[in-house]
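Undergrad: Handing you a structure now.
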Amino acid sequence: MVERLASQVPEEYLEGIVDIEVSRKAVPHPVIAGVYTLGECIPLDLGADPVPSKVVLYYGSFAALARERPDFDWREEAWETLTHELKHHLEWRANSDFLERYDRAVEENFRRLEGQPFDPEFYLGGERIAPGVYRVEEDIFWDCEHSKLPAEVAIQWHGRRYRVRVPEGRLPIYLCLEGLEPPPAGDAIVVLRRPASIASLWRRSSGPERFTGRAEPIE
680 MVERLASQVP EEYLEGIVDI EVSRKAVPHP VIAGVYTLGE CIPLDLGADP VPSKVVLYYG
740 SFAALARERP DFDWREEAWE TLTHELKHHL EWRANSDFLE RYDRAVEENF RRLEGQPFDP
800 EFYLGGERIA PGVYRVEEDI FWDCEHSKLP AEVAIQWHGR RYRVRVPEGR LPIYLCLEGL
860 EPPPAGDAIV VLRRPASIAS LWRRSSGPER FTGRAEPIE
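Note that this note's numbering has the sequence shown beginning at 680, numbered continuously upward.
Below, the structure written as structure tokens:
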């Protein structure tokens, strides 16, 4: 079905699309309950200019919504999702600044995963999926600004609130979470940092302290 739909798209809208893929994954929204990501446009670092993309449609997400909505129209939803992601592709190609920021965020996230020094605010160049929440590839980051280290913070995950106790340390802190349900596809990280200020422009940047914390549901 997706191949037939793609054949109806004018060729100029497919320029720079290297693949349209159907994944069996279900991708629930990381913050809002009952909402699923049906598709995604993923820029590819292939050294080309402008940057090419691939479009992924998530069959599992379509199936999850179809179970909840008796009037779910597969063809209509697939067409709407495909054209929506192609629109993202065209917007990204026209906005090279965003792509450069996102590429840098991906590179810094790789350095984090490899245990190398990294910019502690790199995730701000990622995709903003909710106020104060960012995604870089499959990793989710909650951006929490505090002048002083709090005893705990509260976050939202799949429509439910969680409490996260903050260990003793110095800002900035990266707190990798356990205990979220359903479990995230990648890392779930609360980032505690000082608010931006003029003084911070001259303050020497240091790597964040890194801890593992447990997210506790708030009844």
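We treat Cβ as the ideally placed atom computed from N, Cα and C, and that holds for glycine.
How would you write the range of the beta strand (DSSP E) that Tyr853 sits in, first residue to last?
TA: Start at 1 with the first residue of the sequence shown, and residue 853 comes out as number 174. Here the beta strand (DSSP E) through Tyr853 covers 852 to 857.
Undergrad: Out of Leu859, Ile711, Tyr853, Arg807, state which residue places its alpha-carbon closest to the alpha-carbon of Phe797.
TA: Sequence index remark: in the sequence shown, residue 797 carries index 118 (1-based). Nearest of Leu859, Ile711, Tyr853, Arg807 to Phe797, Cα basis: Tyr853.
Undergrad: Buried or exposed for Val697, please, with buried defined as at least 16 other CB atoms from any protein chain shown within 10 angstroms of its CB.
TA: Along the sequence shown, read from residue 1 onward, the residue named residue 697 stands at position 18. Exposed, since its Cβ has fewer than 16 Cβ neighbours within 10 Å.
Undergrad: Under 8 angstroms by Cβ, that's how I've got Pro799 and Tyr841 pegged, so tell me the actual separation to the nearest angstrom.
TA: Within the sequence shown, residue 799 is the residue found at index 120, counting from 1. Within the sequence shown, residue 841 is the residue found at index 162, counting from 1. Going by Cβ atoms, the distance from Pro799 to Tyr841 rounds to 22 angstroms, so no, they are not a contact pair.
Undergrad: Pull up the DSSP beta-bridge partners for Pro896, would you.
TA: The residue you call residue 896 lines up with position 217 of the sequence shown. In DSSP, Pro896 forms a bridge with Tyr841.
Undergrad: Does the region 758 to 772 come within contact of the region 734 to 742, defined as at least 3 CB pairs closer than 8 angstroms?
TA: Verdict: yes, contact present.
Undergrad: State the DSSP-derived secondary structure class of Leu880, mapped to helix, strand or coil.
TA: Position 201 of the sequence shown, counted from the first residue, corresponds to residue 880. Confidence is the limiting factor: at Leu880 the pLDDT is only 44, short of 50, which leaves the residue's position unreliable, though a coordinate-based value still follows. Helix.
Undergrad: Judging by CA-CA distance, which residue of Gln835, Pro861, Trp836, Pro829 is the nearest neighbour of Glu847?
TA: Here residue 847 is taken as the residue at index 168 of the sequence shown, counted from 1. Minimum Cα distance to Glu847 is reached at Pro829.
Undergrad: When you compare the CB positions of Ala784 and Gly804, do they come within less than 7 angstroms of one another, or not?
TA: To locate residue 784, count along the sequence shown from 1; it is residue 105. To locate residue 804, count along the sequence shown from 1; it is residue 125. Contact flag set, yes.
Undergrad: What are the uninterrupted segments assigned as beta strand (DSSP E) that are 3 or more residues long and contained completely in the region 776 to 833, given in chain order?
TA: List check, beta strand (DSSP E) in window: 806 to 809, 812 to 815, 818 to 824.
Undergrad: Can you tell me where the alpha helix (DSSP H) holding Ala864 begins and where it ends?
TA: Mapped onto the sequence shown, residue 864 falls at position 185. Counting along the chain, Ala864 falls outside any alpha helix (DSSP H), and DSSP gives it neither H nor E.
Undergrad: What is the residue span of the beta strand (DSSP E) that Glu719 lies within?
TA: Counted from its first residue, the sequence shown places residue 719 at position 40. Where Glu719 is concerned, the enclosing beta strand (DSSP E) stretches over 718 to 722.
Undergrad: Specify, as a first and last residue, the run of the alpha helix (DSSP H) that Tyr681 falls within.
TA: Looking up residue 681 in the sequence shown gives position 2. The sequence as given places Val at residue 681; Tyr does not occur at that position. It spans 681 to 686 - the alpha helix (DSSP H) in which Val681 sits, taken as one unbroken run.
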